[in-house]
Structure formats: C-alpha cells, structure tokens
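Each residue of the first sequence is one higher than the one before, starting from 61 at the first, in the numbering used here.
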Amino acid sequence: MIAPGLPTPFAEDVLDVVASIPPGSAASYGDVARRVGRGGPRQVGTTLSRYGSGVPWWRVVRADGSPAPVLADEALRRLAAEGAPLAADGARVDLRRARPWPDPALSDPGG
DNA sequence: GCAATGACTGGTA
DNA sequence: TTACCAGCCATTG
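Written as structure tokens, this is what we have:
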C-alpha cells in the first residue's frame, strides 16, 4: 500500500524518505533527493504533487526553508502546530535545526 | 522516441 | 539580502 494509482519505483523511495521525517522536523527537496540517491529536488516535488497525498509533505520545504507558494499556508500551519523551528519571519523553517539528517558540513560553526 | 513540464538548487551581480 | 540565469532529471502527452 503505497499510493493511489501506480507510483514509480522512484516515487516509492521518495514517499518512503518523506514519511521517515519525524514530526517537528523538516527537510529540503534536495535533502530528500539525496537520501533517495536518485533524481533531483524537482523530481521530489513533482512526485509529492502526485503521490504526496499519503505522506507528511508539509515537512518538505525549499532549500531556503520556505514551502512552495501553493503550500505556504497549509505547510506553515502544520509545521508550527508540530513545533518545528520556524524562522523569525514565521514564513520559513530553520532547516539548520529542523533537519532530521544533520550534515556536519552544513552545521552551524558558530552555533 | 521526442518535446514540454515542474511543490528546485547554486552561483553571480 | 534580493533578483536573475542556467542546470538538473523523472514524469507526462
């Protein structure tokens, strides 16, 4: 039971990774694509748009921490409700602290 | 098989 | 920090 219709093998991996993101955390499309090891950030977004109806898609945002314009309202509400580290703008997520897969190369050297 | 589309990303000014 | 451009790759018609 993966998703409605027939998601491609690539989509299955994407959905699996997104579903692996714990509540209160968030990751970027690029991060998910890297976890999948195939395709790119655009494929992750396109896949979620078609099969993301069964995964916490709101935990996936752009590289700058802001969700897509068609999700900004919904995603930000879900993230704030889960206690995700939002930025001072309240319209972005602090991936630096929300990232479920901390990268030593992306860690904040000053923080 | 070809061309077009898309919930993106990184570098430069 | 904000804005513009080119690259990337799977899915769709």
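Yeah, the Cβ is synthetic: ideal placement off N, Cα and C, and Gly gets one too.
With a contact defined as Cβ atoms closer than 8 Å, P160 and A87 qualify at about 6 Å. Of the candidates L146, A71 and G100, L146 places its Cα closest to the Cα of S126. At a Cβ-Cβ threshold of 8 Å, V96 and V115 do not count as neighbours. Here the alpha carbons of G143 and R98 stand approximately 30 Å from one another. Cα atoms of A71 and L131: separation of roughly 20 Å, rounded to the nearest angstrom. In the DSSP assignment, S80 forms no beta bridge with any residue. C-alpha of V121 to C-alpha of R110: approximately 16 Å in a straight line. The C-beta of G105 has 16 or more other C-beta atoms within 10 Å across all chains shown, which makes the residue buried.
Contact between W118 and R138 holds, since their C-beta atoms are separated by about 4 Å, short of 8 Å.
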